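*Asks:* In this note's numbering, the protein residues as written are -19 to 157.
(1) Is it a yes or a no for the stretch 40 to 48 touching the stretch 83 to 90, going by three-plus beta-carbon pairs under 8 Å?
(2) With DSSP run on the structure shown, which of helix, strand or coil describes residue 19?
(3) Taking the alpha-carbon positions, what's the residue 4 to residue 108 distance?
(4) For the alpha helix (DSSP H) holding residue 93, just list the boundary residues, first then last.
(5) Where does residue 160 fall in DSSP's three states?
(6) With contact counted as at least three CB pairs below 8 Å, one residue from each stretch, are the stretch 95 to 106 and the stretch 75 to 87 in contact?
(7) My parser needs the beta strand (DSSP E) runs of 3 or more residues fully inside the stretch 15 to 82; what are they?
(8) Does the beta-carbon distance from residue 94 to residue 22 come in below 7 Å?
(9) For residue 140 versus residue -16, is the C-beta spacing smaller than 7 Å?
(10) For residue 110, tell me which candidate among 67, 55, 15 has the shortest Cα-Cα distance.
(11) Rounded to whole angstroms, what's the CA-CA distance from residue 68 to residue 61? Just pull it up for me.
(12) Would residue 14 and residue -19 qualify as a contact pair, given that the criterion is a beta-carbon distance under 7 Å?
(13) For a quick check, are the C-beta atoms of residue 71 and residue 28 less than 7 Å apart?
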């Protein structure tokens, strides 16, 4: 929401979207930016994504490791290419991510899209990779409809300073968690 604490929102999005390289059932791959907050949100997500250390599991300072297999790496990279072809703005590209000494590893860097629409494949399908898509909504009602109309509804969260909006969202979002 436009009144959200952006630092908290970005921290949550970074953890939910890129934690475990996005390969978990509760990974949040779509962030809906309401109103005029989108540009600043995208900028802050990009800056934080660029700070993430992608490394093998043996590196105790790593933030993200490789994905599970070559086939899954290829699948994620194909989703990224599809997002570009369908007109989403690729802000941060994690394809062809190479780490010295691990050139044949299954690494995909943090990927960030902006201007994603509900008609795009990267919005409609579960990627299970480190890909975050930002969808822009003009107002709260449009954002809530996006959440409720999506075919998957494992989990969602809202970042706002408005208790009334928070309560309304909790009561009216048709999501599992």
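Using N, Cα and C, we set each Cβ at its ideal position, and we do this for glycine too.
Please read all numbers here as calculations on a predicted model, not as lab measurements.
*Replies:* Taking the definition as stated:
(1) Yes: at least three Cβ pairs fall under 8 Å.
(2) Residue 19 falls in the helix class under three-state DSSP.
(3) Residue 4 and residue 108: Cα-Cα distance of roughly 7 Å.
(4) Element bounds for residue 93: not the alpha helix (DSSP H) but the beta strand (DSSP E), 91 to 96.
(5) No information on residue 160 is available, as it lies outside the stretch -19 to 157 that the chain covers here.
(6) Taking a cut-off of 8 Å on C-beta distances, the stretch 95 to 106 does not touch the stretch 75 to 87, as fewer than three cross pairs fall below it.
(7) Fully enclosed beta strand (DSSP E) runs of no fewer than 3 residues occupy 69 to 72 of the stretch 15 to 82, in order along the chain.
(8) Yes, these two residues count as a Cβ contact at 7 Å.
(9) Their beta carbons are under 7 Å apart, which means residue 140 touches residue -16 by this criterion.
(10) Selected option, being the one with the closest Cα: 55.
(11) Looking at the two C-alpha atoms, the distance is approximately 10 Å.
(12) In this structure, residue 14 sits near residue -19, with a CB-CB distance shorter than 7 Å.
(13) Result no, Cβ atoms of residue 71 and residue 28 do not sit closer than 7 Å.
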